[in-house]
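> Note that the working numbering numbers the sequence shown so that position 253 is 238, with each residue one more than the last.
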Amino acid sequence: MQTLSRKNYEEIFALSQFAFQYKLSPEEMEKKKAEADRHTIWGWMEEDKIAAKLHLIPLSCYINGKELPMGGISSVATWPEYRRKGMVKHLLHHALTEMKQNGQMISYLHPFSFAFYRKFGWEHAFTEQHYTIPIEKLKKKWETSGYVRRIEPDISLLNELYSKYAIKWNGMLVRDEKWWEQRVLKGDVHIAVAYEENAQATGYIMYEVKENTVKVKELVHNSLNAHKLLLHFIGNHDSMAEKVTMVVSEGDQLPLLLDEPRFEQKVEPYFMARIVDVAAFLKAYPFTGEGAITITVEDGFFPENTGTYHVELADGTTHVTIREKQKSEQPAICSIQVLTGMLLGYRRPSDYFKAGLLTANESEIEILDQLIPEEQTFLTDFF
């Protein structure tokens, strides 16, 4: 295994194009290389050639309103003649070791197979809801104030609006200027901003119109009025399009706002997440209230996380101690996957308990439900 560099880019992207079945133009290749400059890329070498590779992207995400360092795993690929030989397993373990040393307490990835990555401790943590809506359903009296204006890309304004929106969800990325330029503002996209009557911007939409469809790339709203203004704006494209497609959070409230909520709504699993360093994550995690809980965590792939953790919250401070399990106590017990899902808020502790994935008594479930804020996961980015 070795750390790859720019001199390996041709070989790196040859494998990516083969594995993920796409073809880069010379211009697209240069853009990909510029993106990869921020990655750490490891390759498993055979006969001095890349047999398998993994990209690690240094990112940050919002967890209960707090920014935490996150390692994004991306572009994991192996040439077919080297598959099923454990190369990806070694690359993932190496990535976890490096992330822990870097202080990246949590990691995300987009899986080709949830079952495959669950073996290594990642867990389903993000779900998307896909809408396909006949555009006439958005033609209604929305009872709004303010206005919408189309704008040229303004990263400063967009990021301000995005950050106010993203911090309300668990797991959303903290975006920097390069991320906006390289990952968000791609292609021929239209942008419109919602303004209140006092000219304060409170939301935006990024979209394109193709094949009689308004394809919403991103819809951000920091007030109900902004949401309605942007929905009304979409409806005003009825002379150009017959339907609207968009991706929203699980449990989105649009069906409550429409007169006729019958339209295609499809829920799909999206990203996975994994706590990299349990002790560091528990210390940094913004719990709510005061109390104490002891929980035994099992992590078969990264066993340095396995242990019994006593978490005590008092006077706004979190104290975490790792200790031997006492004979007299029966701590809550869960896998690293379940711990990740609980603390991110993908599902509540009581949900994992009912599914038989969390071992605990009734009082411990109540304590966990009290200490873990009830925030929903959502992720609008892809890598």
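Where a beta carbon is used, it is the ideal one built from N, C-alpha and C, also for glycine.
Give me the DSSP bridge partner(s) of Gly57.
Here residue 57 is taken as the residue at index 72 of the sequence shown, counted from 1. In the DSSP output, where bridge partners are listed per residue, Gly57 has Ile42 and Tyr93.
> Bridge partners for His115 per DSSP, in chain order?
As a position in the sequence shown, residue 115 is number 130, starting the count at 1. Answer is Val232 and Lys251.
> List the residues that DSSP assigns as beta-bridge partners of Met14.
Residue numbering aside, residue 14 sits at position 29 when the sequence shown is read from its first letter. Answer is none; Met14 lacks a bridge partner.
> I'd like to check one pair, Thr273 with Ala110: are the Cβ atoms closer than 7 angstroms?
As a working mapping, residue 110 is identified with position 125 in the sequence shown. As a working mapping, residue 273 is identified with position 288 in the sequence shown. Cβ atoms of Ala110 and Thr273: not closer than 7 angstroms.
> Measure the C-alpha to C-alpha separation of Ile26 and Ala269 and round it to an integer number of angstroms.
Walking along the sequence shown from the start, residue 26 turns up at place 41. Walking along the sequence shown from the start, residue 269 turns up at place 284. Computed Cα separation, rounded: 27 angstroms.
> So, do the segment 88 to 97 and the segment 247 to 263 have three or more beta carbon pairs nearer to each other than 8 angstroms?
These segments touch.
> Can you tell me which of Leu146, Leu216 and Gly285 puts its alpha carbon nearest to the alpha carbon of Tyr102?
What you label residue 102 is simply residue 117 of the sequence shown in a count that begins at 1. That would be Gly285, whose Cα lies nearest to the Cα of Tyr102.
> Taking Cβ positions, are Gly276 and Leu356 nearer each other than 7 angstroms?
Mapped onto the sequence shown, residue 276 falls at position 291. Mapped onto the sequence shown, residue 356 falls at position 371. Against a cut-off of 7 angstroms, the Cβ pair of Leu356 and Gly276 comes out as a contact.
> Please state whether the Cβ-Cβ distance between Gly156 and Leu364 is less than 7 angstroms.
What you label residue 156 is simply residue 171 of the sequence shown in a count that begins at 1. What you label residue 364 is simply residue 379 of the sequence shown in a count that begins at 1. The answer is yes: Cβ separation under 7 angstroms.
> So is Lys339 buried or exposed if we call it buried at 16+ other beta carbons inside 10 Å?
Indexing the sequence shown from 1 puts residue 339 at position 354. Counting Cβ neighbours within 10 Å, Lys339 comes out exposed, since fewer than 16 surround it.
> Report the rounded CA-to-CA distance for Asn49 versus Glu31, giving the unit in angstroms.
Here residue 49 corresponds to residue number 64 of the sequence shown, with the count starting at 1. Here residue 31 corresponds to residue number 46 of the sequence shown, with the count starting at 1. Straight-line Cα distance between these residues: approximately 44 angstroms.
> Restricting to Cα atoms, I'd like to know which of Ala36, Thr302, Asn290 and Ser(-10) is closest to Arg308.
Sequence index remark: in the sequence shown, residue 308 carries index 323 (1-based). Taking only the C-alpha atoms, the option nearest Arg308 is Asn290.
> According to DSSP, is Lys125 part of a helix, a strand, or is it coil?
Looking up residue 125 in the sequence shown gives position 140. The answer is coil: DSSP assigns Lys125 none of H, G, I, E or B.
> Among Glu13, Trp107, Thr63 and Lys51, which residue has its Cα nearest to the Cα of Gly57?
Against the sequence shown, residue 57 aligns to sequence position 72. Of the listed residues, the one whose Cα sits closest to Gly57 is Trp107.
> Would you kindly work out how many angstroms separate the C-alpha atoms of Pro65 and Ala4, rounded to a whole number?
As a position in the sequence shown, residue 65 is number 80, starting the count at 1. As a position in the sequence shown, residue 4 is number 19, starting the count at 1. Cα to Cα, Pro65 sits roughly 9 angstroms from Ala4.
> With DSSP collapsed to three states, give me the class of Glu193.
As a first step, residue 193 is located in the sequence shown; it is residue number 208 there, counting from the start. Strand, per DSSP.
> Give me the residue from Gln238, Tyr192 and Glu181 with the minimum Cα distance to Val174.
Reading the sequence shown from its first residue, position 189 is the one you call residue 174. Taking only the C-alpha atoms, the option nearest Val174 is Tyr192.
> Please identify the residue among Phe218, Thr63 and Ile42 whose C-alpha is closest to the C-alpha of Met55.
By 1-based counting over the sequence shown, the position of residue 55 is 70. The candidate whose alpha carbon is nearest that of Met55 is Ile42.
> Taking Ser45 and Leu53 to be in contact with their CB atoms under 8 angstroms, please state how far apart those CB atoms are, rounded to whole angstroms.
The count along the sequence shown starts at 1 and reaches residue 45 at position 60. The count along the sequence shown starts at 1 and reaches residue 53 at position 68. Correct: roughly 6 angstroms between the Cβ atoms.
> Rounded to the nearest angstrom, what separates Lys(-8) and Ala37 at their Cα positions?
Stepping through the sequence shown from its first residue, residue -8 is reached at position 7. Stepping through the sequence shown from its first residue, residue 37 is reached at position 52. Distance between the alpha carbons of Lys(-8) and Ala37: 16 angstroms.
> Would you report the Cα separation of Glu181 and Thr281, rounded to the nearest angstrom?
Position 196 of the sequence shown, counted from the first residue, corresponds to residue 181. Position 296 of the sequence shown, counted from the first residue, corresponds to residue 281. Computed Cα separation, rounded: 50 angstroms.
> Express the C-alpha separation of Thr198 and Pro358 in angstroms, rounding to a whole number.
For this step, residue 358 is matched to residue 373 along the sequence shown. For this step, residue 198 is matched to residue 213 along the sequence shown. Computed Cα separation, rounded: 38 angstroms.
> Hey, would you say Tyr116 sits closer than 7 angstroms to Leu146, going by beta carbons?
Residue 116 sits at position 131 when you count from the first residue of the sequence shown. Residue 146 sits at position 161 when you count from the first residue of the sequence shown. Not a contact, by the Cβ cut-off of 7 angstroms.
> Could you compute how far the alpha carbon of Asp300 sits from the alpha carbon of Lys51?
The residue labelled residue 300 in the question sits at position 315 within the sequence shown. The residue labelled residue 51 in the question sits at position 66 within the sequence shown. Between Asp300 and Lys51, the C-alpha separation is close to 18 angstroms.
> Check for me: the beta strand (DSSP E) holding Ile176 runs from which residue to which?
For the purposes of this step, residue 176 is identified with residue 191 of the sequence shown, where counting begins at 1. Its beta strand (DSSP E) spans residues His175 to Tyr180.
> Once DSSP output is grouped into helix, strand and coil, what is the label at Gln(-13)?
As a first step, residue -13 is located in the sequence shown; it is residue number 2 there, counting from the start. Gln(-13) falls in the strand class under three-state DSSP.
> Mapping the DSSP letters down to three states, classify Ala211 as helix, strand or coil.
Within the sequence shown, numbered from 1, the residue matching residue 211 stands at position 226. Three-state DSSP puts Ala211 in a helix.
> Where does Met231 land, buried or exposed, given buried means 16+ other C-beta within 10 angstroms?
Residue 231 sits at position 246 when you count from the first residue of the sequence shown. Looking at its Cβ environment, which holds 16 or more other Cβ atoms inside 10 Å, Met231 is buried.
> If you scan the segment 311 to 366 from start to end, which runs of the beta strand (DSSP E) of 3 or more residues do you find wholly inside it?
Fully enclosed beta strand (DSSP E) runs of 3 or longer: 317 to 320.
> Can you pull the DSSP bridge partners for Glu200?
Within the sequence shown, numbered from 1, the residue matching residue 200 stands at position 215. Residue 200 is actually Lys in this sequence, not Glu. For Lys200, which the question treats as bridged, DSSP gives the partners Glu193 and Thr230.
> If you check the beta carbons only, do Phe248 and Ile120 fall under 7 angstroms apart?
Taking the first residue of the sequence shown as position 1, residue 248 is located at position 263. Taking the first residue of the sequence shown as position 1, residue 120 is located at position 135. It is not a contact, given that the beta carbons lie outside the stated cut-off.
> Note the first and the last residue of the continuous beta strand (DSSP E) segment covering Tyr132.
As a first step, residue 132 must be located in the sequence shown, where it is residue number 147. It spans Tyr132 to Ile136 - the beta strand (DSSP E) in which Tyr132 sits, taken as one unbroken run.
> Going by the CB atoms, is the gap between Trp165 and Ile140 shorter than 7 angstroms?
On the sequence shown, residue 140 is found 155 positions in, with the first residue counted as 1. On the sequence shown, residue 165 is found 180 positions in, with the first residue counted as 1. In contact: Ile140 and Trp165 (Cβ atoms closer than 7 angstroms).
> Which residues does DSSP pair with Ile35 in a beta bridge?
Position 50 of the sequence shown, counting from 1, holds the residue named residue 35. For Ile35, which the question treats as bridged, DSSP gives the partners Met30.
> Check whether the Cβ atoms of Thr403 and Lys213 lie closer than 7 angstroms to each other.
Beyond the ends of the chain as shown, which are -14 and 368, falls residue 403; an answer cannot be given.
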